[in-house]
Every structure is written in structure tokens, then in C-alpha cells.
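To keep things clear, I will list the structure first and then write my remarks on it.
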Amino acid sequence: VVYEQEGVYIHSSYGKNDDQDSLIQGVLRVIEKENEVIVDWRPLDDTLDTSNILCAGKDSSSVVEWTQTPKEKCSRGPDRPSSYEAEWDMVTTVSFKKKHHSNGDVTAHANGESKWSFLFSLTDLKSIKQNKEGMGWSYLVFCLKDDVKLPALHFHHGDSKLLIKCLEKHVVLNESPQDKRILLVNSQNKSLSQSFENLFDEPSYGLLQKLKKDPYTVTMGRFSKVTNYIFDSFRLSDTSTQRRPPSEMADFLNDAIPGLKINQQEEPGFEVITRIDLGKQPEVSRREPLSAEEWAKNMDSEGRILDVDYIKRSIFKGGLCHTLRKEAWKFLLGYFPWNSTKEERANLQKRKTDEYFRMKLQWKSVSEEQEKRNSRLRDYRSLIEKDVNRTDRTNKFYEGEDNPGLILLHDILMTYCMYDFDLGYVQGMSDLLSPVLYVMENEVDAFWCFVSYMDQMHQNFEEQMQGMKTQLIQLSTLLRLLDSGFCSYLESQDSGYLYFCFRWLLIRFKREFSFQDILRLWEVMWTELPCQNFHLLLCCAILESEKQQIMDKHYGFNEILKHINELSMKIDVEYILCKAEAISMQMMNCKELPQAVSEILGIESSSVTPDSDTGEDESGAVLSCAPSLYRSISPPVIAANGTRDSTQQMSDTQSLTPA
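Numbering-wise (this note's numbering), the sequence shown opens with residue 3 and increments by one.
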């Protein structure tokens, strides 16, 4: 049982007059049975004693009065008030006596079960009609492929959104162009599922089925152990004869996100990227982290930041000293406005503290009995507790089972579910929160910084994964421009879909770098310099760094996945930041930058020309997307052409440059 909801009623025609509907309470379940998904509704009492049916008196606002119905069955006239929704027209005992369908569209319950019970397979579902906003109880009407329309199911205890989300894990639902309340079932999903069933045998399919249904969980869990997962899952009794070819494995992973097409030449509306000479990658360096003294010097007497551009450039080039993070991250994440005074920030914190604890009280005051009736809140809590228990304990802040840091992590995530109940909790969010809480050391500040971070990352966790699809396609476009030969090699090994980058993008490299390194990486990315989607250039930098080993050793599909996965905790963050910045400069200086790439990086087409005011030669052109990045800061950066201003002196610290 993957979904269960009590308090789901059928409004029958047992009412004693035209102003009443009889309410038959039941339980709705979604059941996974072998290779089939079943939707099942049945009354709580299958004997259905009509004397116990509750009647609802209707008015224009759908508010009801509860009354008892007489034992005798009430007749219903042929005429119905035309002002009511069609779904309020109740199904009589006679009208719902459908003939038995041999194909299983609607199963008639025999052996004494109530005539009101029904079940159907999702493969036979044609559409779902939802209620209008403000129509009282949330309800759904299922229509099957032979145009059998089942009685409306009214959700008296909560709404129907959670059921829709559950069904979307198994079928593709699209809004009807004619009526937005109608969700049409995409029939292609059935053939896709059947192809998976034919492709994999037990027990391998049992493991891999989870990837198709929930790529988030598998990517975060099983896919992180890809060495054993890919090799062992596909290895049957005789590996030499029965092992699935890599092309089939690649097809499976590619289809795990329906609609993802990486090959831009086959995707309509995309620009075909031909080979373009980007020139030599410039040499860049990093500076020392921004110090507390530099930060303080850049504030006026009222606490305003004087030169925001300088602060952002300095953080991008060197990050922050740890003592400064608690304050600076609030600005970088948007919790504090850059132009605010110290007094304004104090007032903001006071308001946000009150708001936070009001939301926290909402879930803290829910009793066990109430939570049992709220399946969504119950599921959120269960997921959060599992993820919190898996938190990286290498940091002292989260050591021990009853550590206060873990308790705060749990409480903040539960409160976020109150803040955004529709999104709720999705696996991976705890990875985004744990470094923020560690830095803030304050429950309220950590929560609002996390809210701001989730505003940026929200699309990564949405049900349809559109944000993840877009990023993987954009990454492929950038990598193809950077190194079309490497892209072609990955495609030849059935790895062109770049699915092994899924976890990188989902939680912004949280599990690829050490805890301290991720603090540095995130604060650099939060400056939004030197261009849009800098995190995609970080992906390109990592992949390009591994290109030689992958190609020289002729890695195939399995070896590429294994190699990329084993990079976790072995990547030099300073080197990758230098390389990604060099790639950004390389692309920005290109005079023939494709339009698709310009849009990804946020560069206007007119910007792809040298800027004479920067003082650099033609090979060191700077684009308008980040005009202030390459101005002189102390210590100075290496120019795009690799030369250093002889009038300035470097700091005593050794500069870091790409190998």
C-alpha cells in the first residue's frame, strides 16, 4: 500500500429529499501489486446498513448538516437542479450496477461485498476531474478508458493533492487544454513501464525499479554506491552470457527522467553547437579569504555595506574567513538586504523570530491522534527522521545520537514543511540545511537562511523534476562547446545523458566535497559571479579534469559511473574553482559564442565583444554579465591573458593556480 486515506466519501442518492445527499464513508488506497498499480475504494462497513448513512443537506457554499436517514430507501426524481456541479449528481444503486468487464476496468465485488466498492488498474485510467476552487470538500472523479465514470470521491479529511502526487509517480498527468480541472493520463507511460518490465529480470529489476519510480532517493542512496549497484544489479548467474549490455543500462537511466533528451541535434528548438575554437584557457588565481577587518572597513557608521561589488568580488575570489560567515551568509543568501542598516536588521530578526516560532508551534501542537489522520505530515516526519539520522557525523556539531545539532536539524525541517506544505520535505534537503545550521549556530537564523536557499533550489525538488531536466540539458550544451570530442566519447559509451551528475546538481556538490570545502564552494556560488549558472561550469571543470583518464583508459559505461562516483571527497576545491573561473573567462571571451550558451550564462549577444575600458588586450575581453568582477582587488588577480600587473605586489600567501 503506497497511499491510504480514510474519510473519503461517496455522496449517494440515499437522501430522504432533494436537498440531501447520503454520505458513505470509505477508505481509498493505492496498491502496488506485482507489476500493476491498483486504485481501490471500499466502505468502512461493507454491509452498508442504510440506517447508518449520514445525510448532508446542501446549500450554495456546500456546508452540511448531519442527519440520520430512514431505513426505507428513498426514491429520487428524474429532475435535478441544474445549478449543481455534475459531480454532485449522485449515483443510485441501479445506475452503478455496471456490467462486469473482462479486461478488469471495474471489478464488481462479489461474495457479499458492498456494491459500492470498486477498484481499477492505473493502466485503464483515462482522466481525473477535480473540483472547482471553493466548492467545499475536495473531490475527484475517475473516468476509465471505456468511458465508465466512477462516483465522485469526496475528501472530508484533507484534500486530494497527496493522492495526485502519488499517482504521478506511476503515470504522467497533463492538464486538459479544454478544462484545467481535468487531468489526462498520458498513455505513453504504460508502454514505457512495459519496456522496463521486459528489459530486467528479478531480482535485478526489483532494485532498478526504484530508480525509475524515485530517482531522487536512488541517486542519494543506492546510486551513491554505484560501484556495486551497477555491476552487481545487472550480474545474473552467468556474467559472461547473461549480463545486460551497457547500452540497455544507459537507456534505463536515461528513461528514469521522462522527457530528458540530451542530444541537442534531435531536440527541436535547440541550436546545433558546431565546433568552435575557444582558445587557450587563461590562468587565474585565488586570493586570501575576506577577513573580518576588511568587512568592518566596508561598513558605515549605521552598519550599511559601502561597496557591495567589492565584497562580492572578494568573496568570489577567496571566500570568507570562518568567523565572518555567520554574518556574511545572511547577506549572500538574501536574508539581510545588502543596503540595510544594523537597526533594520535587528528589527527584521525580531519579526522573523516571532514568525518562526508560530510556525514551529503549529506542528509541535499536533497530537499523535491528529498526526495519524494527516498522512502527509506523518510522511514528512518519517522522511526527516531518516535523513537526520544519516547526517554526516564527521563534523563535531552533529556528533552523537542525541546531539542538539541533530535535534535542531529535525525541528527546522519540520517547520519548513509548515512554511511550504505543498513542497514539504524531499530527500536531500537536510544536506542543504546542515552546513547552514552549523555556520549560524542559531535556530531562527538558520531557518530563514535555509528558506532563502530553498527559494534558489526549489525547482530541484519539484515532483516533475523539470529543474533537473533543464540543468542536465544546459550542462550538456556547455560541455559540448567546451570539448565536443569528450562529449562524443561519452555518447559513444552511452553516457551522454550525464546522469552521473544528477547528485552534483541536486544538492550542489554537498556529498562530493568535505564539510569545510563545501562552505567555501557555496559562499563563492552565492555571489552569483562571474555569470549565471556558475555551478554548471563547476561540473564542466570536474569532468574536464577527469577527461584524460576516462579517455586514455577507454572507460566504458560502468567504468565511467564508477570513476565519477569515487571522486567524492577527493576533489581539490580551490583547483576546481580556478578551473571553472578560467572556463567562464574562456567562454566570455569567445566572439562567436552560440546563442544557447549565451542564454545559459546570462550573456547578451551584444556583449560578445572586447571591452576597451577594461584595460586588457583583445584576448582578455570581459563581458557585461559581470563587469565588475575583474577590477583590481587586493590581492590582485591574474589577468585573463596570464599576465600580472607589475605595479602591484602579491600577498605573502602562495597563489593557487590550475595544474
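Yeah, the Cβ is synthetic: ideal placement off N, Cα and C, and Gly gets one too.
1. Restricting to Cα atoms, I'd like to know which of Ser293, Asp485, Lys319 and Thr343 is closest to Asp302.
2. From Leu2 to Pro153, what distance separates their C-alpha atoms?
3. Taking all protein chains shown into account, decide if Asp457 is buried (16 or more other Cβ within 10 angstroms of its Cβ) or exposed.
4. Applying the 10 Å Cβ sphere with the 16-neighbour rule, what's the burial state of Ile566?
5. Given this structure, state the Cα-to-Cα distance separating Leu406 from Ile509, to the nearest angstrom.
6. Roughly how many angstroms separate the alpha carbons of Lys35 and Phe144, rounded to a whole number?
7. Can you tell me whether Leu308 is buried or exposed, with buried defined as 16 or more other CB within 10 angstroms of its CB?
8. Starting from Tyr141, trace the beta strand (DSSP E) both ways and give me its first and last residue.
9. Would you say Leu538 and Leu477 are within 8 Å of each other, going by their C-beta atoms?
10. Taking the alpha-carbon positions, what's the Met459 to Asp42 distance?
11. Does the distance from the CB of Gln283 to the CB of Gln534 come in under 8 Å?
12. Touch check for the segment 419-426 and the segment 491-506: three-plus C-beta pairs under 8 Å?
13. For the beta strand (DSSP E) that Ile509 lies in, which residues bound it at each end?
14. Counting only runs of 4+ residues fully inside the segment 520-598, write out the alpha helix (DSSP H) ranges in chain order.
15. With 16 as the cutoff for other CB atoms within 10 Å, does Met571 come out buried or exposed?
16. Could you check what DSSP says for Gln473 in three-state terms: helix, strand or coil?
17. Would you report the Cα separation of Ala598 and Gln473, rounded to the nearest angstrom?
18. In the DSSP output, what is Pro45 paired with across the bridge?
19. Below 8 Å on the Cβ atoms is my contact criterion, and I expect Ser552 with Glu514 to pass it. Report the Cβ-Cβ distance as a whole number of Å.
20. Rounded to the nearest angstrom, what separates Glu177 and Asn188 at their Cα positions?
21. Measuring CB to CB, does Ile578 end up less than 8 Å from Ile544?
22. Considering Cα atoms alone, identify which of Glu170, Leu165 and Val150 is closest to His156.
23. When you compare only the Cα positions, how much space is there between Pro437 and Gln364?
24. Quick check: the Cα distance between Lys362 and Met590, rounded to an integer number of angstroms?
25. Give the single residue among Leu531, His556 and Glu8 whose Cα lies nearest to the Cα of Tyr312.
26. Based on the DSSP secondary-structure assignment, which residues constitute the bridge partners of Tyr11?
27. Would Ser316 be called buried (16 or more neighbouring beta carbons within 10 Å of its own) or exposed?
28. Counting C-beta neighbours from all protein chains within 10 Å, is the total for Trp340 16 or more, i.e. buried, or is it exposed?
29. Assign Lys182 to one of three DSSP states: helix, strand, or coil.
30. Looking only at DSSP bridge pairs, what is Val187 linked to?
31. Fully enclosed by the segment 363-391, which beta strand (DSSP E) runs are 3 residues long or longer?
32. What are the boundary residues of the beta strand (DSSP E) that includes Ser119?
33. Among Lys564, Ile33, Val390 and Ser119, whose alpha-carbon lies nearest the alpha-carbon of Ile26?
34. Are the CB atoms of Phe463 and Gly430 within a distance shorter than 8 Å?
35. When you compare each of Trp450, Trp297 and Tyr400 to Ile414 by their alpha carbons, which one comes out closest?
Based on what the coordinates show:
1. In the sequence shown, the residue the question calls residue 302 occupies position 300. Residue Thr343 holds the alpha-carbon nearest to the alpha-carbon of Asp302 among Ser293, Asp485, Lys319 and Thr343.
2. With the chain represented from 3 up to 661, any question about residue 2 goes unanswered, as that position is not in the structure.
3. As a position in the sequence shown, residue 457 is number 455, starting the count at 1. Looking at its Cβ environment, which holds fewer than 16 other Cβ atoms inside 10 Å, Asp457 is exposed.
4. Working through the sequence shown from its first residue, we reach residue 566 at position 564. Classification for Ile566: buried.
5. Locating residue 406 in the sequence shown gives position 404, where the first residue counts as 1. Locating residue 509 in the sequence shown gives position 507, where the first residue counts as 1. This sequence places Pro at residue 406; Leu is not what is there. The C-alpha of Ile509 is placed about 24 Å away from the C-alpha of Pro406.
6. Along the sequence shown, read from residue 1 onward, the residue named residue 35 stands at position 33. Along the sequence shown, read from residue 1 onward, the residue named residue 144 stands at position 142. Between the alpha carbons of Lys35 and Phe144 lies a distance of about 20 Å.
7. Within the sequence shown, numbered from 1, the residue matching residue 308 stands at position 306. So Leu308 counts as exposed.
8. As a working note, residue 141 is residue 139 in the sequence shown. Here the beta strand (DSSP E) through Tyr141 covers Ser140 to Leu146.
9. As a working mapping, residue 538 is identified with position 536 in the sequence shown. As a working mapping, residue 477 is identified with position 475 in the sequence shown. Taking 8 Å as the Cβ cut-off, Leu538 and Leu477 qualify as a contacting pair.
10. Working through the sequence shown from its first residue, we reach residue 459 at position 457. Working through the sequence shown from its first residue, we reach residue 42 at position 40. So the alpha carbons of these two residues sit roughly 36 Å apart.
11. On the sequence shown, position 281 is the one that residue 283 refers to. On the sequence shown, position 532 is the one that residue 534 refers to. Their beta carbons are not under 8 Å apart, which means Gln283 does not touch Gln534 by this criterion.
12. No, because fewer than three Cβ pairs between the segment 419-426 and the segment 491-506 fall closer than 8 Å, the two stretches do not touch.
13. Here the question's residue 509 lines up with position 507 in the sequence shown. Premise fails: Ile509 is in no beta strand (DSSP E) and is neither H nor E.
14. Here the runs fully enclosed are 536-554, 559-567 and 575-590.
15. Start at 1 with the first residue of the sequence shown, and residue 571 comes out as number 569. So Met571 counts as exposed.
16. By 1-based counting over the sequence shown, the position of residue 473 is 471. DSSP places Gln473 in helix when its eight states are reduced to three.
17. Along the sequence shown, read from residue 1 onward, the residue named residue 598 stands at position 596. Along the sequence shown, read from residue 1 onward, the residue named residue 473 stands at position 471. For the pair Ala598 and Gln473, the Cα-to-Cα distance works out to about 13 Å.
18. Numbered from its first residue, the sequence shown carries residue 45 at position 43. DSSP, once it has assigned bridges, lists Gly28 as partnering Pro45.
19. Here residue 552 refers to the residue found at position 550 when the sequence shown is read from its first residue. Here residue 514 refers to the residue found at position 512 when the sequence shown is read from its first residue. In the sequence as displayed, the identity of residue 552 is Ile instead of Ser. With a contact defined as Cβ atoms closer than 8 Å, Ile552 and Glu514 miss out at about 17 Å.
20. Along the sequence shown, one-based indexing puts residue 177 at 175. Along the sequence shown, one-based indexing puts residue 188 at 186. Inter-residue distance for Glu177 and Asn188 is about 10 Å (C-alpha atoms, whole angstroms).
21. The sequence position of residue 578 within the sequence shown is 576, counting from 1. The sequence position of residue 544 within the sequence shown is 542, counting from 1. Cβ distance < 8 Å, so Ile578 and Ile544 count as in contact.
22. Taking the sequence shown and counting its residues from 1, the one referred to as residue 156 is at position 154. Checked all of Glu170, Leu165 and Val150; the closest Cα to His156 is Leu165.
23. The residue you call residue 437 lines up with position 435 of the sequence shown. The residue you call residue 364 lines up with position 362 of the sequence shown. Pro437 and Gln364 have their C-alpha atoms roughly 26 Å apart.
24. Taking the first residue of the sequence shown as 1, we reach residue 362 at position 360. Taking the first residue of the sequence shown as 1, we reach residue 590 at position 588. For Lys362 and Met590, the distance between alpha carbons rounds to 46 Å.
25. Walking along the sequence shown from the start, residue 312 turns up at place 310. Closest in alpha carbon position to Tyr312, among Leu531, His556 and Glu8, is Leu531.
26. In the sequence shown, the residue the question calls residue 11 occupies position 9. Tyr11 has Gln27 and His156 as its beta-bridge partners, per DSSP.
27. On the sequence shown, position 314 is the one that residue 316 refers to. That one is buried.
28. Residue 340 sits at position 338 when you count from the first residue of the sequence shown. With fewer than 16 neighbouring CB atoms inside 10 Å of its own CB, Trp340 falls in the exposed class.
29. Here residue 182 refers to the residue found at position 180 of the sequence shown. Coil at Lys182, not helix or strand.
30. Along the sequence shown, read from residue 1 onward, the residue named residue 187 stands at position 185. Partner(s): Leu175.
31. Scanning the segment 363-391 for uninterrupted beta strand (DSSP E) segments of 3 residues or longer gives nothing; none is fully contained.
32. In the sequence shown, residue 119 corresponds to position 117, counting from 1. Ser119: not part of any beta strand (DSSP E); DSSP gives it neither H nor E.
33. Taking the sequence shown and counting its residues from 1, the one referred to as residue 26 is at position 24. Cα-wise, what sits closest to Ile26 is Ser119.
34. Translated into positions along the sequence shown, residue 430 becomes position 428. Translated into positions along the sequence shown, residue 463 becomes position 461. Taking 8 Å as the Cβ cut-off, Gly430 and Phe463 qualify as a contacting pair.
35. Stepping through the sequence shown from its first residue, residue 414 is reached at position 412. Nearest in C-alpha terms to Ile414, of all of Trp450, Trp297 and Tyr400, is Trp450.
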